[in-house]
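Novice: The structure under discussion is supplied below as structure tokens; questions concerning it will follow.
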Amino acid sequence: MYNKNFRGDVCSHSHSFFLDNFVRRLIQNPKRIIGEYIQKGDTIIDIGCGPGYFTIDMAELTGETGKVIAVDLQKEMLDKVGKKAAAKNLTERIHLHQCGQNRIGLAPETKADFILAFYMVHETPDQVAFLEQVKKLLSPGGRFLLVEPIFHVSKGQFKNILTFAIKIGFKQVDMPRGKGGRSVLLSV
Numbered sequence: 009m010y011n012k013n014f015r016g017d018v019c020s021h022s023h024s025f026f027l028d029n030f031v032r033r034l035i036q037n038p039k040r041i042i043g044e045y046i047q048k049g050d051t052i053i054d055i056g057c058g059p060g061y062f063t064i065d066m067a068e069l070t071g072e073t074g075k076v077i078a079v080d081l082q083k084e085m086l087d088k089v090g091k092k093a094a095a096k097n098l099t100e101r102i103h104l105h106q107c108g109q110n111r112i113g114l115a116p117e118t119k120a121d122f123i124l125a126f127y128m129v130h131e132t133p134d135q136v137a138f139l140e141q142v143k144k145l146l147s148p149g150g151r152f153l154l155v156e157p158i159f160h161v162s163k164g165q166f167k168n169i170l171t172f173a174i175k176i177g178f179k180q181v182d183m184p185r186g187k188g189g190r191s192v193l194l195s196v
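Residue numbers are given in the working numbering: position 144 of the sequence shown equals residue 152, and the series is strictly consecutive.
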């Protein structure tokens, strides 16, 4: 199930149907999970976007004046996002970015009002380095929703991720429930 081209447990593009389907939408409705954090005109980064499960809804929520940067390691995942964006006439709002294994790689001047890392921080080879990169991309007052799966990430592991985030300068805003896993809302 995992893509052996990358270190860690990166879900392969060949299994992306598990990540975006009708059943998942019943259990983890994207607009319910992220809707309260997105305003019209926002710049949003969807890190580890996969086949665009959250990306498309983000683009609809941010409206014509907003933009969503869909970031993934796998070109094939980004291709799927691009096809979905075209089908929904959202290509002008969605920018596709292929990151490296160790670097998000967006331009330093990129600043986001909202960043989502859903079920992917546990897949990064260096969580502290990843969180430092996310922090640099967040606008002052912007929010970062980090959600990890309870079936992969224990309470202790999640606490360690949160500890790393606080040590590098994130502020804990909330520990929201009902987001589909172990969740924390952070800001800078």
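Note that the Cβ used here is the ideal one computed from N, Cα and C, for glycine as well.
Since the structure is predicted, the reported quantities are computational estimates derived from the model, not experimental observations.
Looking at the structure shown, is phenylalanine 122 part of a helix, part of a strand, or coil, going by DSSP?
Specialist: Residue mapping note: residue 122 aligns to position 114 of the sequence shown, counting from 1. Assigned with DSSP and collapsed to three states, phenylalanine 122 falls in strand.
Novice: Flag this pair as touching only if the stretch 46 to 55 and the stretch 121 to 128 have three or more C-beta atom pairs under 8 angstroms; answer yes or no.
Specialist: yes
Novice: Which of helix, strand or coil does DSSP assign to leucine 139?
Specialist: Here residue 139 refers to the residue found at position 131 when the sequence shown is read from its first residue. Three-state result, leucine 139: helix.
Novice: Return the residue from the list Ala115, Gly113 and Ile77 that minimises the CA-CA distance to leucine 98.
Specialist: As a working mapping, residue 98 is identified with position 90 in the sequence shown. Comparing Cα positions, the closest option is Ile77.
Novice: Under the rule that 16 or more other beta-carbon atoms within 10 Å means buried, what is proline 59, buried or exposed?
Specialist: Working through the sequence shown from its first residue, we reach residue 59 at position 51. Flag for proline 59 reads buried.
Novice: Find out if the Cβ-Cβ distance for the pair valine 155, leucine 139 is shorter than 9 angstroms.
Specialist: As a first step, residue 155 is located in the sequence shown; it is residue number 147 there, counting from the start. As a first step, residue 139 is located in the sequence shown; it is residue number 131 there, counting from the start. Result no, Cβ atoms of valine 155 and leucine 139 do not sit closer than 9 angstroms.
Novice: Assign phenylalanine 80 to one of three DSSP states: helix, strand, or coil.
Specialist: Within the sequence shown, numbered from 1, the residue matching residue 80 stands at position 72. For the record, residue 80 in the displayed sequence is aspartate; it is not phenylalanine. Note: aspartate 80 maps to strand in three-state DSSP.
Novice: Does DSSP classify lysine 75 as helix, strand or coil?
Specialist: In the sequence shown, residue 75 corresponds to position 67, counting from 1. It is a strand residue.
Novice: Anyone know if the C-beta pair for leucine 153 and leucine 114 falls short of 9 angstroms?
Specialist: The residue given as residue 153 occupies position 145 in the sequence shown. The residue given as residue 114 occupies position 106 in the sequence shown. Cβ distance not < 9 angstroms, so leucine 153 and leucine 114 don't count as in contact.
Novice: Using the three-state DSSP reduction, which class does phenylalanine 152 fall into: helix, strand or coil?
Specialist: Taking the sequence shown and counting its residues from 1, the one referred to as residue 152 is at position 144. Three-state DSSP puts phenylalanine 152 in a strand.
Novice: Since glutamate 105 contacts valine 142 with CB under 8 angstroms, what's their CB separation in whole angstroms?
Specialist: Counted from its first residue, the sequence shown places residue 105 at position 97. Counted from its first residue, the sequence shown places residue 142 at position 134. Here residue 105 is histidine; the residue named in the question, glutamate, does not match the sequence. Histidine 105 to valine 142, Cβ: 14 angstroms. No contact.
Novice: Would you call alanine 173 buried or exposed, if buried means 16 or more other Cβ atoms sit within 10 Å of its Cβ?
Specialist: By one-based count along the sequence shown, residue 173 stands at place 165. When all chains shown are included, alanine 173 counts as buried.
Novice: Could you please give the first and the last residue of the uninterrupted beta strand (DSSP E) stretch that includes lysine 179?
Specialist: Position 171 of the sequence shown, counted from the first residue, corresponds to residue 179. 179 to 182 is the extent of the beta strand (DSSP E) around lysine 179.
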